[in-house]
Amino acid sequence: MTGSISIGEELSSIQILVKEWFFTCYAAGTAFIFCTHGIIYLAVMAFPERQNRPRDDEASLDSGSSVASQGGIPEEQLDA
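If you want it as structure tokens, here you go:
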């Protein structure tokens, strides 16, 4: 018998990877998430008109500024 004692099982390949490269994988994962969020942010900022454009069924074809066109009292009743 030799002087070394082995308790438990040997590490699997994934366990060795995590043990040896933990901080490298952590830094690479963090950089990946940071870059992904940056790309999404830039895409949203590059196309702001897609967020503010009204839908076709909500857009009014009448561009008048009278009260009647705004849904108020008709002009005929204002004169009476």
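Counting in the numbering used here, the sequence shown runs from 219 upward without gaps. For every residue, glycine included, the Cβ atom is placed at its ideal position computed from N, Cα and C.
Quick check: the Cα distance between residue i and residue j, rounded to an integer number of angstroms?
i           : j           : result
residue 254 : residue 233 : 27 Å
residue 264 : residue 235 : 40 Å
residue 245 : residue 239 : 10 Å
residue 260 : residue 251 : 14 Å
residue 243 : residue 266 : 35 Å
residue 228 : residue 247 : 27 Å
residue 221 : residue 241 : 33 Å
residue 237 : residue 256 : 30 Å
Output yes if chain D places a C-beta closer than 8 Å to the C-beta of residue i; else output no.
i           : result
residue 239 : Among the chains of the structure shown, chain D does not appear; only one protein chain is present.
Would you mind listing the alpha helix (DSSP H) stretches within the segment 220–266 that are 4+ residues and don't spill past its ends, in chain order?
231–264
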